[in-house]
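The structure under discussion appears below in the form of structure tokens.
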Amino acid sequence: MPIASLPHIAALAGAALVAALSALPAQAHPHVWVTTKAEIAYGEGGRVTGVRHAWTFDASYSAFVTQGLDKNNDGKLTPDELAGLAAENTANLAEFAYFTKMKVGGKEQAFTDPVEPRMAMEGDKLTLSFLLPLKSPVAQGRGVTALEVYDPTFFVAFSLAEGADAARLAGAPAGCAATLTRPKTETPDAKTGETKPGETKPGMSEAFFEALTSASNYGLQFANRIIVACP
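Per the working numbering, residue 69 is the first one in the sequence shown, and the count goes up by one each step.
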């Protein structure tokens, strides 16, 4: 795994794992797959106040990152056993702007420190949830709120969950509705690296990705968008 990629793991898994991960065999991007759900929160006066994320990691990553956390050796991981990892993860995500972009009325919003971090293991997959507040709540009015979650360098592949609860509104004014837009470019499969059966996406080598920075915005083509319109 290239050294250039390790900060992403530090953000998601904690700095203590970086040395171990550097010994893993190289593989093409992406390295981590995350299925997302988002709840856009509204407060007094219909102002947008933040977004509550729920990110479910792929089974392989979930197994790796939770090694040694079963303190009572009962074969189960509880939210209490995962609390430290959850807090560390959300704090480290600041370096990557939480992989989150939100615009209200066409203006990009800034976030303050995340709160209410929590992790839970469901089956063989780990889910991280946290509330990401806006620095200043903002009135949406008749404009739109647009939310995107993605990694510009595509080290992490974010995909919006299926189902009606993939995008929810909390406390929104009457009549507001969310619309989901999924990317036209398919995210490579977590197991095969293929976008379609028998078809591997060109340019997915590590040499290609080592040259990318957050300014490259390669991952934007894989971004899912949630658009909220109010009457």
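The beta carbon of each residue, even a glycine, is placed where N, CA and C say it ideally should be.
Residue i, DSSP secondary structure in three states
i: residue 292; result: strand
i: residue 230; result: coil
i: residue 209; result: coil
i: residue 91; result: Confidence is the limiting factor: at residue 91 the pLDDT is only 41, short of 50, which leaves the residue's position unreliable and the question unanswerable from this model.
i: residue 297; result: strand
i: residue 240; result: coil
Status (buried if at least 16 other CB within 10 Å, exposed otherwise) for residue i
i: residue 208; result: buried
i: residue 147; result: exposed
i: residue 135; result: exposed
i: residue 299; result: exposed
i: residue 245; result: exposed
i: residue 120; result: buried
i: residue 158; result: buried
i: residue 183; result: exposed
i: residue 214; result: buried
i: residue 162; result: exposed
i: residue 122; result: buried
i: residue 142; result: exposed
Residues that residue i bridges to, as DSSP identifies them
i: residue 110; result: 116
i: residue 125; result: 102
i: residue 235; result: 106
i: residue 319; result: Nothing can be reported for residue 319: it is not among the residues displayed for the chain, which extend from 69 to 299.
i: residue 214; result: 171 and 295
i: residue 224; result: 100
Cβ-based neighbour list, residue i, same chain, cut-off 6 angstroms, excluding 5 preceding and 5 following
i: residue 103; result: 124, 227 and 229
i: residue 130; result: 193 and 194
i: residue 177; result: 170 and 202
i: residue 217; result: 104, 167, 168 and 226
i: residue 249; result: 293
i: residue 236; result: 107
i: residue 180; result: 201 and 203
Spatial neighbours of residue i in its chain, beta-carbon cut-off 7 angstroms, leaving aside the 5 residues before and after
i: residue 239; result: 109, 110 and 111
i: residue 234; result: 105, 228 and 248
i: residue 117; result: 109, 110, 111, 201, 202 and 205
i: residue 132; result: none
Own chain partners of residue i with C-beta closer than 8 angstroms, once the 5 adjacent residues on each side are dropped
i: residue 155; result: 185
i: residue 115; result: 205, 206, 207 and 208
Interface flag, residue i vs chain D, CB-CB below 8 angstroms
i: residue 200; result: Absent here is chain D; the protein component of the structure consists of one chain.
In the region 138–203, which residue ranges form an unbroken beta strand (DSSP E) of at least 3 residues, counting only runs that do not cross its ends?
168–172 and 183–190
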